[in-house]
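Only one structure is covered here, and it is reproduced in the block below.
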Amino acid sequence: MKADSTRGQAAPVLIADADPAVRRYLRAVLETDGRRVEEASDLAAALRRLSAAPRPRLALADMDLDGGGALALLSRLPPGAPPVVVLSVDPAPARIVRAARAGARDVLIKPVDPAALRAAVGAHAERRAAAPAAAGGLDALIAVSPAARAAADLARRFAGSDAPLLIEGESGAGKEAFARAIHAEGPRRDGPFVAFDCAAMPPDLAEAALFGRAGADVSLAGKFEEAEGGVLFLDGVCDLPARAQARLARIVATGRIARVGGGPPRRVNARLISAADRPLSDEAAAGRFRQELFLGLSALCLRVPPLRARREDIAPLAELFARRAAEAESVAPPRLTPEALAALEAHDWPGNLRELENVMRRLAVLHPSEAVEAEAARAALRARPTQGAGQGPACAGAEARGAPAQACDAARLRVDGRGAEGARRGGRSAPAGGFFDAEGEIRPIWEIEAAAIAAALSRYGGDVALASRKLGMGRATLYRKMRDHGLTSR
Numbered sequence: 000m001k002a003d004s005t006r007g008q009a010a011p012v013l014i015a016d017a018d019p020a021v022r023r024y025l026r027a028v029l030e031t032d033g034r035r036v037e038e039a040s041d042l043a044a045a046l047r048r049l050s051a052a053p054r055p056r057l058a059l060a061d062m063d064l065d066g067g068g069a070l071a072l073l074s075r076l077p078p079g080a081p082p083v084v085v086l087s088v089d090p091a092p093a094r095i096v097r098a099a100r101a102g103a104r105d106v107l108i109k110p111v112d113p114a115a116l117r118a119a120v121g122a123h124a125e126r127r128a129a130a131p132a133a134a135g136g137l138d139a140l141i142a143v144s145p146a147a148r149a150a151a152d153l154a155r156r157f158a159g160s161d162a163p164l165l166i167e168g169e170s171g172a173g174k175e176a177f178a179r180a181i182h183a184e185g186p187r188r189d190g191p192f193v194a195f196d197c198a199a200m201p202p203d204l205a206e207a208a209l210f211g212r213a214g215a216d217v218s219l220a221g222k223f224e225e226a227e228g229g230v231l232f233l234d235g236v237c238d239l240p241a242r243a244q245a246r247l248a249r250i251v252a253t254g255r256i257a258r259v260g261g262g263p264p265r266r267v268n269a270r271l272i273s274a275a276d277r278p279l280s281d282e283a284a285a286g287r288f289r290q291e292l293f294l295g296l297s298a299l300c301l302r303v304p305p306l307r308a309r310r311e312d313i314a315p316l317a318e319l320f321a322r323r324a325a326e327a328e329s330v331a332p333p334r335l336t337p338e339a340l341a342a343l344e345a346h347d348w349p350g351n352l353r354e355l356e357n358v359m360r361r362l363a364v365l366h367p368s369e370a371v372e373a374e375a376a377r378a379a380l381r382a383r384p385t386q387g388a389g390q391g392p393a394c395a396g397a398e399a400r401g402a403p404a405q406a407c408d409a410a411r412l413r414v415d416g417r418g419a420e421g422a423r424r425g426g427r428s429a430p431a432g433g434f435f436d437a438e439g440e441i442r443p444i445w446e447i448e449a450a451a452i453a454a455a456l457s458r459y460g461g462d463v464a465l466a467s468r469k470l471g472m473g474r475a476t477l478y479r480k481m482r483d484h485g486l487t488s489r
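Below is the structure:
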C-alpha cells in the first residue's frame, strides 16, 4: 500500500549522509521546491535503495558516508542507477578530482549553499540520455527517417575504424547515443565507454581529470587511462579549456600521454570520439579552437540530424520516451491520439530529442494512462516562451488542466526557491523581460541578466548546453550564474 501512495509522483532524491542534521537541512531545502526526498544513513542503506524500484532520480552522497564513503558507492552502483552528486566538507582539489574520476556528476562543498544545491539538483535530476540506449549497437537506434538512416549507415562504416571520429549536431540531437552505438558495434565493444563532459569541469581541474595527475602527494588516473582498451567520448569538445586543448593536440599527434605533473609517457590505447554542438571548423577559423587539434579529431566526421529533419522518427521516439517516463513515475504511459501526434510532428523542436523527452515526461505526469488529445499535447509544447520569460513546464501543466493563464504567473520563473516571477531583492521584483520598469526607470543589470537566463532555460526546455550557446557563454559560466541568481533548469 505504501507504493500506491507515491504513484504518479516524481521519483525522489536520495540523501545519503550519516549526519541527521545535514539530512534534515537538505530535505528542507528540496521539499521547499516540491521535491520528494528519501534518506539513507550509511553505504549499505544507500545501495539497497538505489537497487530498488522505482529508482530515485538523483543521489546526494557524503564523501565520508559511513560504510565506505561516496567513492565506494560510485564503484558499486547497480546498472541503471541515477546520477550521484558528492558532498564534501573538504574542498581540496585532489578530492574533487577523485570524485569526478569515480563518476560523480558534481561535487558540492559543505555547508551546502541552498542556491548551489538547487542548481545542482536542477541540472542533474532531470538529465537523461537524449536518445535510446545503444547497448545493442546501431540497430538499436530509432532511424526510420531517411536522414537518420543515412547517419546510421555512415556510423556503421565508421564503427570498424580506430581513427578519431568527430560527431557534430545540435544540442540534444543524440550525439552520445550514436557514439555509444558505434562503440557497441566496433572492435572495442568489450572495452569501456568513458564519457567526459568538457564544459562541466573547472579549467584548473580539467587537465588532471582528463589526463591524470602525478605527484608526491597524490596520483590520479585520468579519463584516458580509464578508457584503456575502449572508447573515450569527449562531449562538448568546443568548450575544452585552452591548456587542455594544447595537451590533447600533442596526444593526438604522438599517440602518447603523460600525466600532469610528470611521469613517463605511455601509449594511448583508446579510440577518441568527440562531439560538438556547433561546427568545429568555424570555431577553429575564429581562433576559439586549436586548428591542429580540430584536424586531429576530425579524421572521420559524422553529422547527426536535428529532430525537425527526421519527423518520421517522432512517433516511435515519443512512444519510447512515454514508456521511460511512465516507468520513472510508476504510472501507466499516456497514449497519443493521431491529432496529438500530428501536433508533435508539426513542432520545430529547437531542443531536439531532449525536448521531446521532456514533453513526454510532462504528459506522463499530467495524463497517466490517458488518451492525450491535441490540445494537451500543444499545452505541453507551450512549456517554453514565445515572448519574454514565458511559461515554464508548470504553466503547461496548468493550461493542460484548463487553468486560466493568470494561474501560470507564479510558475514562470523560479528564483531563490520562492517560485515567483522574480526574487524580491531590495523591495523590487525581478521582471520577466524588458529593460525598464513600470516607472520608466532602467532595471538593474542583475534583474535583466536573471530574466535573460531564465527565458533561455525555459525557451530551450531546460537544456543548459543549448541555452549557454544561445546566450553566448560557456556552460560552466552559465551554471555559475544560475547559482548566483538561484535559478534551476527545471
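For the sequence shown, numbering that gives the first Met the number 0 assigns the number 0 to the initial residue and increments by one for each residue that follows. Note that beta-carbon positions come from the ideal geometry of N, C-alpha and C, so glycine has one too. The model shown is predicted, which means the values in this text are computed figures rather than measured ones.
query	result
Beta carbon of Arg54 nearer than 8 Å to that of Val83	no
Between the CA atoms of Leu486 and Ala453 - distance to the nearest angstrom	7 Å
Of the listed residues Asp63, Ala252, Leu306 and Ala464, nearest to Ala150 (C-alpha basis)	Leu306
Beta-carbon contacts of Ala213 that lie in its chain and below 6 Å, excluding the five residues immediately before and after	Arg258, Gly260, Gly261 and Gly262
Three-way DSSP call (helix, strand, coil) for Gly426 in this model	Residue placement at Gly426 cannot be trusted, given a pLDDT of 34 that sits under 50; the coordinates are not used to answer.
Residue span of the alpha helix (DSSP H) that contains Asp203, given as start and end	Pro202 to Phe210
Terminal residues of the alpha helix (DSSP H) in which Glu344 lies	Pro337 to Ala345
Contiguous beta strand (DSSP E) assignments of at least 3 residues, all confined to the segment 7-58	12-15 and 36-39
Alpha-carbon to alpha-carbon, Ile447 and Asp238	25 Å
Between the CA atoms of Arg249 and Gly211 - distance to the nearest angstrom	15 Å
Whole-angstrom distance between Met472 and Ala27, CA atom to CA atom	32 Å
CB-CB length for Ala162 against Ala180, believed under 8 Å	Between Ala180 and Ala162 the Cβ distance is about 17 Å, and since that is not below 8 Å, they are no contact.
Whether Pro367 touches Ala331 by CB criterion (8 Å)	yes
Straight-line Cα distance separating Leu140 from Arg370	The residue you asked about is not Arg; residue 370 is Ala in the sequence shown. Computed Cα separation, rounded: 26 Å.
Option in Leu477, Thr253 and Gly121 with minimal Cα separation from Ala58	Gly121
Cβ pair Ser40, Asp63 closer than 8 Å	no
Identified DSSP bridge partners for Phe195	Leu233
Beta-ladder partner(s) of Ser170, from DSSP	Looking at the DSSP assignment, Ser170 forms no beta bridge with any residue, so it has no partner.
Close-in-space but distant-in-sequence residues of the same chain around Glu398 (CB under 6 Å, 5 per side omitted)	Per-residue confidence for Glu398 stands at a pLDDT of 41, beneath the threshold of 50, marking its modelled position as unreliable; the derived number appears in the next sentence. Closer than 6 Å at the Cβ level, and outside the excluded window around Glu398, lie Ala378.
heavy atom of the ligand MN below 7 Å from Phe223 C-beta	You won't find the ligand MN in this model; it holds no ligand whatsoever.
CB-CB length for Ala60 against Val85, believed under 8 Å	6 Å
Meets three-Cβ-pair contact criterion under 8 Å: the segment 288-303 and the segment 321-341	no
Chain-order list of residues whose beta-carbon lies under 6 Å from that of Leu470 (same chain, five-residue window excluded)	Ala455
Neighbourhood of Phe232 by C-beta distance below 6 Å, restricted to the same chain and skipping five residues each side	Ala178, Ala194 and Ile272
Residue(s) in a DSSP beta bridge with Ala274	Ile166
Ile256 classed as buried or exposed, judged by whether at least 16 other C-beta atoms fall within 10 angstroms	buried
The segment 456-465 touching the segment 159-174, judged by at least three CB pairs closer than 8 Å	yes
Ala516, DSSP secondary structure in three states	Since the first residue of the chain shown is 0 and the last is 489, residue 516 is not available in this structure.
Supposed contact pair Arg47 and Leu13 - C-beta distance, whole angstroms, cut 8 Å	Contact flag wrong, Cβ pair sits at about 11 Å.
Cut-off 6 Å between Cβ atoms - residues of its own chain near Trp348, not counting five sequence neighbours on either side	Leu306, Arg307 and Glu354
Beta-bridge partners of Ser87, as assigned by DSSP	Ile108
Segments of 3+ residues assigned as beta strand (DSSP E) that fall wholly inside the segment 237-303	270-275 and 299-302
Anticipated Cβ contact below 8 Å, Ala45 with Ser74, distance rounded	Wrong, their Cβ atoms sit about 13 Å apart, outside the cutoff.
CB-CB length for Gly229 against Gly254, believed under 8 Å	That belief does not hold up - the Cβ atoms of Gly229 and Gly254 are roughly 16 Å apart, past 8 Å.
Per DSSP, cross-strand counterpart(s) of Leu219	Arg212
Cβ-Cβ separation, Asp203 to Asp234 (assumed contact under 8 Å), whole Å	With 8 Å as the limit, Asp234 and Asp203 do not qualify as a contact, their Cβ atoms being about 20 Å apart.
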